[in-house]
Each structure stands twice: as structure tokens, then as C-alpha cells.
Amino acid sequence: MRSAPDPEPDRWSFPGWVNETFGADDPWVRPRPQIERRDVVLAAVVALIGLVSLELYRNLGALADTRPPTWVQWLAVLSGAALLVGRRRWPLIIALVMATHMIATGVTMPMVMTQFTLQAAYFVAFLSAVAWAQDRKAMIIVMDVIIVVMFVWVALQFAVGNSMSEFVPDDLVPGPIPPLVAMVLLSAIINAIYFGGAVAGGLMLWREARQKALLRQQAETIADQAEDLRDQAITEERLRIARELHDVVAHHVSVIGVQAAAARRVLDRNPVAATEALGTIESSSRDAVTSMRGLLGTLRGIESVADEQDSRAPQPSLDQLPDLVAGHETPNRSVAYTLVESTPGAVESVPAPIAHSIYRTAQEALTNIEKHSTATRVTVTVRVEADAATRYAEIEVVDNGRPRGDGGLSSGLGQLGIRERAASHRATVDIGPRASGGYRVRVRYPLGVRKNEVA
Numbered sequence: 003m004r005s006a007p008d009p010e011p012d013r014w015s016f017p018g019w020v021n022e023t024f025g026a027d028d029p030w031v032r033p034r035p036q037i038e039r040r041d042v043v044l045a046a047v048v049a050l051i052g053l054v055s056l057e058l059y060r061n062l063g064a065l066a067d068t069r070p071p072t073w074v075q076w077l078a079v080l081s082g083a084a085l086l087v088g089r090r091r092w093p094l095i096i097a098l099v100m101a102t103h104m105i106a107t108g109v110t111m112p113m114v115m116t117q118f119t120l121q122a123a124y125f126v127a128f129l130s131a132v133a134w135a136q137d138r139k140a141m142i143i144v145m146d147v148i149i150v151v152m153f154v155w156v157a158l159q160f161a162v163g164n165s166m167s168e169f170v171p172d173d174l175v176p177g178p179i180p181p182l183v184a185m186v187l188l189s190a191i192i193n194a195i196y197f198g199g200a201v202a203g204g205l206m207l208w209r210e211a212r213q214k215a216l217l218r219q220q221a222e223t224i225a226d227q228a229e230d231l232r233d234q235a236i237t238e239e240r241l242r243i244a245r246e247l248h249d250v251v252a253h254h255v256s257v258i259g260v261q262a263a264a265a266r267r268v269l270d271r272n273p274v275a276a277t278e279a280l281g282t283i284e285s286s287s288r289d290a291v292t293s294m295r296g297l298l299g300t301l302r303g304i305e306s307v308a309d310e311q312d313s314r315a316p317q318p319s320l321d322q323l324p325d326l327v328a329g330h331e332t333p334n335r336s337v338a339y340t341l342v343e344s345t346p347g348a349v350e351s352v353p354a355p356i357a358h359s360i361y362r363t364a365q366e367a368l369t370n371i372e373k374h375s376t377a378t379r380v381t382v383t384v385r386v387e388a389d390a391a392t393r394y395a396e397i398e399v400v401d402n403g404r405p406r407g408d409g410g411l412s413s414g415l416g417q418l419g420i421r422e423r424a425a426s427h428r429a430t431v432d433i434g435p436r437a438s439g440g441y442r443v444r445v446r447y448p449l450g451v452r453k454n455e456v457a
């Protein structure tokens with residue numbers, strides 16, 4: 003197997019503070035924009051103001067010593083303004099061309115170069131190079147070269163040129179600082195502020211753009227996460243409704259089947275008992291339809307508040323467990339219910355969601371016994387331990403039967419629903435046959451632990 007080639011070493015290495023200041027190691031890359039109308043408008047405005055200013059300077063006699071003809075002076079102003087069109091699209095190239103333009107114009111037409119419109123154009127070009135350059139290390143090198151060349155050029159003007167005589171009158175009375183030193187210091191300060199301001203302004207604009215991009219990316223991430231959470235919540239709600247629907251249908255259909263069989267057996271011998279069994283069938287079927295309407299209404303989201311009050315019964319809880327147990331008693335099967343509390347009233351500390359899950363667990367366990375077991379004795383025990391050290395609520399359903407051979411195949415959805423309910427509350431589950439015979443369903447819910455709470 004061929005090994006991956008070593009990464010190409012970085013051609014340019016800068017101190018850490020330089021990389022951090024100028025974003026040389028920042029993974030974010032500013033998008034390169036197309037040339038827009040505002041770029042053309044800016045260039046046109048600078049060109050217009052530059053030509054007007056140039057002619058005003060000429061009328062004041064400031065260009066009397068400028069040798070190139072007028073059309074060359076106009077060309078210098080127009081070309082400097084026109085370069086601003088591409089300052090965002092090709093920032094480093096434009097900065098280099100503008101620096102060349104500045105030196106060429108300064109050498110041949112210093113009075114044209116120093117007018118404020120061209121100086122503003124150069125400033126904007128250098129600022130844009132820092133603000134819009136995608137390759138931050140190349141930007142550092144380009145701006146370093148421009149600044150060094152500019153200061154060398156200024157120094158050469160004082161060393162071998164006539165800059166001193168252009169600005170200092172012959173009859174000047176010397177002060178405490180020699181005129182040459184004063185001119186050098188003044189020129190250094192002006193250029194430092196000029197180029198330093200361009201670099202600082204460009205960095206400020208670049209960081210502002212990066213911050214906006216990061217905020218926009220975070221907003222998109224949050225929106226995506228919110229969408230995922232919404233989909234997850236919908237899925238969990240549908241699964242919950244599916245479990246509820248399975249429990250309701252399985253329980254009531256099982257009760258209807260048992261009561262129908264009992265009514266058929268005693269119809270001729272005991273009409274009163276048959277009537278009671280038929281009444282139970284009627285009541286159970288009505289409850290099943292009411293529960294199914296409520297669940298389907300929740301799934302569809304089309305019920306009004308009045309409909310919910312009229313057609314949807316409250317969620318079953320521990321208070322309804324005695325009635326549930328009594329409904330599963332038959333002449334051939336006894337079902338006992340026991341509530342064990344560590345302290346009187348401890349059952350009141352069980353949260354409603356856990357109480358509802360306990361009820362549904364008992365309901366599913368009793369339904370499975372009726373459908374698949376030969377049990378003649380069933381015990382349903384609810385234990386509530388309110389001790390601060392070990393707080394829990396537990397449901398245990400134990401029978402003495404064995405699987406029926408003609409009970410039909412089980413889908414397994416009932417036990418799956420029990421485990422899903424337990425998992426939603428971080429409960430522990432023990433489901434299976436007992437060594438001494440019979441079957442046990444036991445679920446222990448820790449109290450005070452919310453769903454999705456980090457342990």
C-alpha cells in the first residue's frame with residue numbers, strides 16, 4: 003500500500019501574532035464578489051471629482067510647472083479612478099497596479115499625484131487589498147512590499163531629489179528642529195498614518211465580514227438543528243401515539259373477547275350474568291372508540307378545545323389501576339392489586355408521565371396474560387420508595403401460568419412498547435419467565451430524573 007505524500011511545506015512563515023492579526027491561518031475565506039454597479043459608480047464619481055479638482059488646481063496655477071500635457075494629466079486621473087472598479091474582485095493585483103501608478107505619477111507629475119482625489123483612490127485600493135484578499139499570507143507580502151517601496155521612494159526624494167526646495171521657502175528662519183529633519187519627520191508621520199490607516203481599516207472590514215459570515219453560518223446551523231429537533235419531536239410523538247394506540251386496542255379487544263366468551267357460555271343458564279358481560283363489552287368498546295378518537299385527533303391535529311373536553315378522557319394514571327385490575331378478573335383467574343408506599347402518601351410524588359407509563363405497563367402485561375397465558379393467579383404490585391437516597395416507582399406483574407399452545411403468535415409490540423416507555427424515563431426493565439414458574443414483568447422508574455437528562 004502506498005503511503006500518502008507528505009503535505010507541502012508552507013512557503014511563507016510568519017510569527018504567530020502576525021498570523022493572528024491578519025488572519026493568515028484563519029480557515030475562513032472571504033467570497034470573491036463580482037463587479038457590481040456600486041464599483042462602477044464609485045469609479046465614475048472619483049473620476050468626475052478628480053477632473054474638476056485638476057482643472058481648479060490648474061486655474062490656481064498649481065500645475066504651471068507640470069511638464070506632461072493636459073491629456074496625460076487627465077489620463078492619470080481617469081486611469082486611477084478606473085482601477086477602483088476591480089478593487090474587490092482582484093484586490094492584490096489592483097493594489098500593486100495602484101502603487102505603480104502612484105510612483106509613476108509622483109515621479110512625472112507630483113502635483114497631480116498629490117491631489118486629494120488620487121490620494122483617496124490609492125487609499126481605497128490599499129484598504130480593499132487588506133479587506134478583500136482571499137490569500138491572507140500573499141496580502142501580507144504584497145502590502146509589506148508596497149509600504150517598503152513607498153518609504154524608500156520618499157527617502158530617495160529627500161536624499162537625491164528636490165523635495166526640500168519645493169516645500170521650504172528660501173527665506174525660512176530655522177527653528178529648534180532643522181528644516182530637513184522636520185520635513186522627514188512630517189513626511190514619515192503622514193505616510194505612517196496614511197498606510198497604517200489603510201491597513202487598519204481593511205483589517206476592520208475583513209473581521210467584520212468574517213464575523214457576519216460566522217454568525218450567518220451559526221444561524222443556519224441552528225436552523226438545521228431546530229428542523230432536526232422538530233422532526234425528531236414529531237417522530238417521538240408518533241411513536242408515543244402508536245404505543246398508546248396499541249395498548250388501547252389490545253386491552254379493550256382482549257376484554258371484549260373474554261366477556262363475549264363468558265356471555266356465550268352463560269346466555270342460556272344465567273341471563274343476568276350474560277347481560278352484565280354484554281354491558282362490559284359495550285362499555286369497553288365505547289372506551290376503545292373514545293380513546294382511539296382522541297389519539298387520532300392528536301395525530302391529525304384537527305381537534306378544537308371543546309372537542310378535546312368532550313371526546314378525550316384524561317390520561318390514565320395510578321388512580322385507575324384498581325379498576326384496570328378488576329376488569330381482568332374472571333371466574334377462572336384472580337387478579338390482586340397491591341400498593342406499597344415507603345411513607346403514607348408517597349404515591350403522590352410520582353410524576354404524571356411516570357404514573358401514566360406504569361398504568362400502560364400494567365395494562366399491557368395483563369393483556370398479554372389474557373391472550374397468551376394459562377395463568378389462574380395474577381398479582382399487580384406498585385411500589386413507591388420516597389427515600390431521598392433511593393427514590394423510585396416500580397410496577398411488577400407476576401402470574402403463575404405458562405404460554406398457551408393455541409394462543410397464536412405474538413407480534414412482540416407490547417413488550418417493545420414497555421421497553422420504549424421505560425427507556426424514555428431511564429427505567430430498568432426485567433421481563434421474562436421466573437425460575438419458580440410463571441412470568442414476571444417488572445419496571446423500575448427512578449423518580450426525579452427527566453427524559454434526556456444527562457446523568
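Using my numbering, read the sequence shown as starting at 3 and increasing by one per residue.
We put the beta carbon where it would ideally sit given N, CA and C, even for glycine.
Taking C-alpha atoms, which residue in the options lies nearest to residue i?
i      : options                        : result
Val399 : His358, Ala354, Met104, Val445 : Val445
Met145 : Val114, Ala200, His103, Leu187 : Ala200
Glu38  : Asn272, Arg436, Arg89, Ala211  : Arg89
Ile433 : Met104, Arg442, Gly18          : Arg442
Phe16  : Ile143, Gln121, Ser344         : Ile143
Pro346 : Pro35, Leu241, Glu387, Thr116  : Glu387
Asp321 : Ile360, Thr332, Ser344         : Ile360
Pro35  : Val87, Ala49, Trp73, Leu65     : Val87
Val126 : Pro355, Asp41, Thr376, Leu241  : Asp41
Asn193 : Tyr59, Trp155, Asp137, Leu241  : Trp155
Gly204 : Phe128, Val20, His103, Val342  : Phe128
Gln121 : Arg138, Lys139, Met100         : Met100
Thr383 : Pro324, Ile356, Ile224, Val352 : Pro324
Leu53  : Ile148, Gln117, Gly63, Tyr124  : Gln117
Val49  : Gly82, Thr72, Gly18, Ala211    : Before going on, a small fix: residue 49 reads as Ala here, not Val. Among Gly82, Thr72, Gly18, Ala211, the Cα nearest to that of Ala49 belongs to Gly82.
Considering residue i, what are the terminal residues of the alpha helix (DSSP H) in which it resides?
i      : result
Asp41  : 39 to 61
Asp432 : From DSSP, Asp432 is part of no alpha helix (DSSP H) but of the beta strand (DSSP E) over 430 to 435.
Ile371 : 354 to 374
Val384 : Element bounds for Val384: not the alpha helix (DSSP H) but the beta strand (DSSP E), 379 to 387.
Val349 : Premise fails: Val349 is in no alpha helix (DSSP H) and is neither H nor E.
Trp134 : 118 to 134
Ala391 : Counting along the chain, Ala391 falls outside any alpha helix (DSSP H), and DSSP gives it neither H nor E.
Pro324 : 323 to 329
Met115 : 112 to 115
Phe16  : Premise fails: Phe16 is in no alpha helix (DSSP H) and is neither H nor E.
By Cβ distance, which residues of its chain are closer than 8 angstroms to residue i, with the 5 residues on each side in sequence left out?
i      : result
Met141 : Phe24, Pro93, Leu94, Ala131, Val132, Ala135
His358 : Gln317, Pro318, Ser319
Thr378 : Asn334, Arg335, Ser336, Asn402, Gly403
Asp389 : Ser344
Sorted by chain position, which residues of the same chain lie with C-beta nearer than 7 angstroms to residue i's C-beta, five sequence neighbours on each side aside?
i      : result
Met111 : Thr68, Pro70, Gln75, Ala78
Gly409 : Note on Gly409: pLDDT 47, under 50, position unreliable in the model; the coordinate value appears next. Taken in chain order, the residues that qualify are Lys373, His374.
His330 : Val337, Leu368, Glu372
Val150 : none
Glu22  : none
For residue i, collect the residues of the same chain with a Cβ closer than 6 angstroms to its Cβ; drop the 5 residues on either side in sequence, then sort them by chain order.
i      : result
Val431 : Arg421, Ala424, Val445
Trp1   : Since the first residue of the chain shown is 3 and the last is 457, residue 1 is not available in this structure.
Ile51  : Thr119
Arg436 : Arg442
Glu229 : none
Ala84  : Ala45
Glu396 : Arg385, Arg446
In three-state terms, what does DSSP make of residue i?
i      : result
Glu398 : strand
Leu449 : coil
Thr68  : coil
Glu343 : strand
Pro93  : helix
Ala457 : Low confidence applies here, because Ala457 scores a pLDDT of 32, under 50, leaving its location unreliable and the question unanswered by this model.
Pro273 : helix
Ser319 : coil
Arg232 : helix
Ser438 : coil
Arg1   : Nothing about residue 1 can be reported from this structure: the residues present for the chain run from 3 to 457 only.
Asp312 : At Asp312, the pLDDT of 43 sits below 50, so the modelled position is not reliable and the matter cannot be decided from this model.
Arg212 : helix
Arg516 : Outside the shown range of the chain, which is 3 to 457, sits residue 516, and nothing can be said about it.
Arg444 : strand
With respect to the beta strand (DSSP E) encompassing residue i, which residues constitute its N-terminal and C-terminal limits?
i     : result
Arg31 : One detail in the question is off: residue 31 reads as Val in this sequence, not Arg. Per DSSP, Val31 belongs to no beta strand (DSSP E) and is neither H nor E.
Using a C-beta cutoff of 7 angstroms, does residue i count as contacting chain B?
i      : result
Gly347 : Annotation note: the requested chain B is absent from the structure, which comprises a single protein chain.
Exercise for the section: Mind the definition here: the stretch 209 to 217 touches the stretch 27 to 41 only if three or more C-beta pairs lie below 8 angstroms; say whether that holds. Expected result: Here the stretch 209 to 217 lies against the stretch 27 to 41, with 3 or more beta-carbon pairs under 8 angstroms apart.
Practice task
Give a yes or no on contact between the stretch 35 to 46 and the stretch 101 to 110, applying the rule of three or more CB pairs nearer than 8 angstroms.
Solution key: They do not touch, by the three-pair rule.
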